[in-house]
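As given, the protein sequences belong to chains A and B, one line each in that order. Each step along the first sequence adds one to the number in the working numbering, with nothing skipped, and position 170 is 153. Each step along the second sequence adds one to the number in the working numbering, with nothing skipped, and position 119 is 1484. Beta carbons are placed, not taken as given, at the ideal position from N, Cα and C, and that holds for glycine. A quick note: this is a predicted structure, and the numbers were derived from the prediction, not measured.
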Amino acid sequence: MFNWAADVVALVALLGAARALLALAGMDVGTSFGGIGSSREMMIATLAEPAMMLIVLTLAIAAGTTRLAGVADFFIAEPFAVRVSLALSLVALIIVALAENARIPVDNPVTHLELTMVHEAMILEYSGRHLALIEAASYLKLVLYLSLLICLFAPFGMAPATAGVGGWALGLLAWTAKLLGGATLLGVWEVSIAKMRVFRLPDFVGIAFVFGFLAILLAFLTRGAVG
Amino acid sequence: MNYTYEISHLLAGAMLVTSFALLYQERIAAVLNAFAVQSITLALAVAWSAWSQDRPDLFITALIALVLKGIVIPVALHRTVARLGIHREVEKVVGVGVALIVGLALTGLAQALFLKVAQGSASHAREELALALAIILLGFLMMIVRRNAVTQVVGFMSMENGLILAATGARGMPLVVEVSVAFSVLIALFVFAVFVFRIRERFDTVDIDALDRMRGDRR
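Quick look at the structure:
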């Protein structure tokens, strides 16, 4: 069931470790803004991470493995599966992705307003190549989450390992197109809603937790695994 | 892949999600809209099972759910709320987080119960019934945590939605029963409306706490 590489649980753990290091870096500069940013980031993370684990476990129950490649194979084989638990985990994963990537209802990555900064507050004191590295890492994280959403919930045109060079090229093309589509949707989403107050964030990210929990309950129900 | 079953399961799951939306919303107008969405989803679910199980009488049930609970009751409640002048009011409930966690626990309870009780029966019916029971329990919960008379009425109606879902999933509620249930709910709505106005006249509020004070239960 587990694998030596590309395990989703390990992926969540790595992302958590990266976030912890970023929060430490935010406090390292010793200004109050860095501390406030780190504290808020951790508050969001405590809500988003359990939701993420629930989503991962729902997918693992559906696919029978926590290996990303195995999960992807399962979703390629069943491209039109309509399932409540998967629909719920899609919504939950979108909310988690918005929260983790400091996107608009949760956080605005370009703001410099002290009341609302989260991600930006942590890296306020960084400049030069350090800032460039941190920003590049956050963009990479966004690509990672978008790819996760794409591969799990829109696997059309994904090339398996045995597809050959032509198949891989097609798969790459499909992935790029879907990534651009996802980025467009994100842009539309960001311009159409306002940022939330920090104190309302637990409610918003809590929705992801509720949906993740419902998804896993329904997945168990479908399999009849309880009792 | 069995699409018939998947889609009915999806619609029942959507109803469960709207039940959670009812618990989550604090604004009365938004609660009424969420209730309308739940009733329309119920109508879709019933219509789908009418079509897929080839039971044309269920179409009538779906029509009743759509017209009565999807349109008439929400509109009537919207007008009631507007006449009471509380349509902008934000209702403070016990705390959204606590309500949602209790709701999750109730959903888990419903499912664990049906996995035990309905061990031998077909898994489709079992899941449908578990979801319906969860919706009923969430309606109960809503009536418990809400303090406004109007939102308590909505909790009652959403319980009834769960009952209808259970009845259509279980194959066999006669149409006569269905029609009489629908009309008794309508009459209940009128009674509720009268009571809400009487409460307001008497206490200048529709907050249920006022009734405790009247009875002398105040601590």
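Would B/T1406 pass as an interface residue toward chain A - the criterion being a Cβ-Cβ separation below 9 Å?
Along the second sequence, read from residue 1 onward, the residue named residue 1406 of chain B stands at position 41. In terms of beta-carbon proximity, B/T1406 stays away from the interface with chain A, with every pair separated by 9 Å or more.
Going along chain B in order, which residues have a C-beta closer than 7 Å to the C-beta of A/G47?
Your numbering for residue 47 of chain A matches position 64 in the first sequence. Ordered by position in chain B, no residue passes the 7 Å Cβ test against A/G47, which lies about 17 Å from the chain.
Beta-carbon proximity check, A/I190 vs A/S68, cutoff 9 Å
Here residue 190 of chain A refers to the residue found at position 207 when the first sequence is read from its first residue. Here residue 68 of chain A refers to the residue found at position 85 when the first sequence is read from its first residue. The answer is no: Cβ separation not under 9 Å.
For the alpha helix (DSSP H) that A/F16 lies in, which residues bound it at each end?
Residue mapping note: residue 16 of chain A aligns to position 33 of the first sequence, counting from 1. For A/F16, the enclosing alpha helix (DSSP H) stretches over residues 15 to 46.
Going by other Cβ atoms of all chains shown within 10 Å of its Cβ, with 16 needed for buried, is A/G210 buried or exposed?
For the purposes of this step, residue 210 of chain A is taken as residue 227 along the first sequence, with counting starting at 1. Here A/G210 scores only 36 on pLDDT, less than 50, and its place in the model should not be relied on; the value that follows carries that caveat. So A/G210 ends up on the exposed side.
Which residues in the same chain have their Cβ closer than 7 Å to the Cβ of B/T1369, if we skip the five residues on either side of it in sequence?
Residue numbering aside, residue 1369 of chain B sits at position 4 when the second sequence is read from its first letter. Excluding positions up to five away in sequence, the list reads S1417.
is_contact[A/D56, chain B] using C-beta, thresh 9 Å
Position 73 of the first sequence holds residue 56 of chain A. Chain B, which has no Cβ nearer than 9 Å to the Cβ of A/D56, makes this no.
Using 9 Å as the threshold, is the C-beta distance between B/T1426 and B/V1561 below it?
Within the second sequence, residue 1426 of chain B is the residue found at index 61, counting from 1. Within the second sequence, residue 1561 of chain B is the residue found at index 196, counting from 1. No, they are not a contact pair.
Leaving out the 5 sequence neighbours to the left and right, which residues in its chain are closer than 6 Å to B/E1543 when beta-carbon positions are compared?
Within the second sequence, the letter at position 178 stands for residue 1543 of chain B. Short of 6 Å from the beta carbon of B/E1543, and not among the five residues preceding or following it, lie these beta carbons of its own chain, in chain order: T1426.
Alpha carbon to alpha carbon, how far is B/R1491 from B/H1374?
Here residue 1491 of chain B refers to the residue found at position 126 of the second sequence. Here residue 1374 of chain B refers to the residue found at position 9 of the second sequence. Approximately 11 Å between the Cα atoms of the pair.
Delimiting residues of the alpha helix (DSSP H) encompassing A/S110
Against the first sequence, residue 110 of chain A aligns to sequence position 127. Looking at the DSSP string, A/S110 is not in any alpha helix (DSSP H), and its letter there is neither H nor E.
Between the region 1470 to 1481 of chain B and the region 1501 to 1512 of chain B, are three or more C-beta pairs nearer than 8 Å?
Touching, yes.
Would B/M1366 count as contacting chain A if we go by Cβ distances under 9 Å?
In the second sequence, the residue the question calls residue 1366 of chain B occupies position 1. Confidence at B/M1366 is low in this model, with a pLDDT of 47, below 50, so the placement of that residue is unreliable and no value is reported for it.
Using only CA atoms, which one of B/R1448, B/S1384, B/F1568, B/V1519 lies nearest to B/A1553?
Numbered from its first residue, the second sequence carries residue 1553 of chain B at position 188. Relative to B/A1553, the option among B/R1448, B/S1384, B/F1568, B/V1519 whose CA is nearest is B/V1519.
For B/Q1403, decide whether its Cβ has a neighbour in chain A, counting only Cβ atoms nearer than 9 Å.
As a first step, residue 1403 of chain B is located in the second sequence; it is residue number 38 there, counting from the start. With 9 Å as the cut-off, B/Q1403 does not count as an interface residue toward chain A.
Residues of chain B with CB under 7 Å from A/V193, in chain order?
Reading the first sequence from its first residue, position 210 is the one you call residue 193 of chain A. Residues of chain B whose Cβ lies closer than 7 Å to the Cβ of A/V193 are, in chain order, F1385, L1465, L1469.
Quick one: give me the first and last residue of the alpha helix (DSSP H) that A/A142 is part of.
Position 159 of the first sequence, counting from 1, holds the residue named residue 142 of chain A. Per DSSP, A/A142 belongs to no alpha helix (DSSP H) and is neither H nor E.
Using three-state DSSP, classify A/R2 as helix, strand or coil.
Counted from its first residue, the first sequence places residue 2 of chain A at position 19. The answer is helix: DSSP assigns A/R2 an H, G or I state.
Count the CB pairs spanning the region 102 to 116 of chain A and the region 1382 to 1402 of chain B that are closer than 8 Å, and state whether there are at least three.
Taking 8 Å as the limit for Cβ pairs, the verdict is that the region 1382 to 1402 of chain B does not touch the region 102 to 116 of chain A.
How would you write the range of the alpha helix (DSSP H) that B/L1387 sits in, first residue to last?
For the purposes of this step, residue 1387 of chain B is taken as residue 22 along the second sequence, with counting starting at 1. Taken as a continuous stretch (DSSP letters only), the alpha helix (DSSP H) holding B/L1387 covers 1368 to 1389.
DSSP puts B/N1513 in a beta bridge; with which residues?
To locate residue 1513 of chain B, count along the second sequence from 1; it is residue 148. Partner residues in the beta bridge of B/N1513, as assigned by DSSP, are B/D1572.
Kindly identify the DSSP beta-bridge partner or partners of A/R50.
Position 67 of the first sequence holds residue 50 of chain A. Bridge partners of A/R50: A/D(-10).
How about A/L153 and A/A146: are their beta carbons less than 9 Å apart?
Within the first sequence, numbered from 1, the residue matching residue 153 of chain A stands at position 170. Within the first sequence, numbered from 1, the residue matching residue 146 of chain A stands at position 163. Yes; because the gap between Cβ atoms is below 9 Å, this pair is in contact.
Could you tell me if A/T48 is buried or exposed, where buried requires 16 or more neighbouring beta carbons within 10 angstroms of its beta carbon?
Locating residue 48 of chain A in the first sequence gives position 65, counting from the first residue. Buried, by the Cβ-count rule.
Can you tell me whether DSSP reads A/R86 as helix, strand or coil?
As a position in the first sequence, residue 86 of chain A is number 103, starting the count at 1. The three-state secondary structure of A/R86, taken from DSSP, is coil.
Is there a C-beta anywhere in chain A that falls below 9 Å from the one on B/Q1476?
As a first step, residue 1476 of chain B must be located in the second sequence, where it is residue number 111. Among the residues facing chain A, B/Q1476 is included, as its CB has a counterpart in that chain under 9 Å away.
Are any of the Cβ atoms in chain B nearer than 9 Å to that of A/D11?
What you label residue 11 of chain A is simply residue 28 of the first sequence in a count that begins at 1. By this cut-off, A/D11 is not an interface position.
Assumed close pair A/L155, A/L129 - CB separation to whole angstroms, cut-off 8 Å:
As a first step, residue 155 of chain A must be located in the first sequence, where it is residue number 172. As a first step, residue 129 of chain A must be located in the first sequence, where it is residue number 146. Distance from A/L155 to A/L129 at the Cβ level is roughly 15 Å; contact not present, criterion being Cβ atoms closer than 8 Å.
Please state whether the Cβ-Cβ distance between A/M25 and A/P185 is less than 9 Å.
The count along the first sequence starts at 1 and reaches residue 25 of chain A at position 42. The count along the first sequence starts at 1 and reaches residue 185 of chain A at position 202. No, the Cβ-Cβ distance between A/M25 and A/P185 is not below 9 Å.
Over what stretch of residues does the alpha helix (DSSP H) that includes B/A1401 continue unbroken?
Numbered from 1 along the second sequence, position 36 holds the residue referred to as residue 1401 of chain B. First-last of the alpha helix (DSSP H) with B/A1401: 1393 to 1417.
For B/E1492, decide whether its Cβ has a neighbour in chain A, counting only Cβ atoms nearer than 9 Å.
Taking the first residue of the second sequence as position 1, residue 1492 of chain B is located at position 127. Closer than 9 Å to some Cβ of chain A, the Cβ of B/E1492 qualifies, so yes.
Helix, strand or coil, according to DSSP, for A/K178 in the structure here?
Taking the first sequence and counting its residues from 1, the one referred to as residue 178 of chain A is at position 195. Correct three-state label for A/K178: coil.
Does any C-beta atom of chain B lie closer than 9 Å to the C-beta of A/I190?
Position 207 of the first sequence holds residue 190 of chain A. It does: the Cβ of A/I190 has a partner Cβ on chain B nearer than 9 Å.
B/A1377 vs B/A1497 beta-carbon contact at 9 Å:
Here residue 1377 of chain B corresponds to residue number 12 of the second sequence, with the count starting at 1. Here residue 1497 of chain B corresponds to residue number 132 of the second sequence, with the count starting at 1. Yes.
7 Å Cβ cut-off: residues of chain A touching B/G1473
Here residue 1473 of chain B refers to the residue found at position 108 of the second sequence. Per Cβ cutoff of 7 Å: L200.
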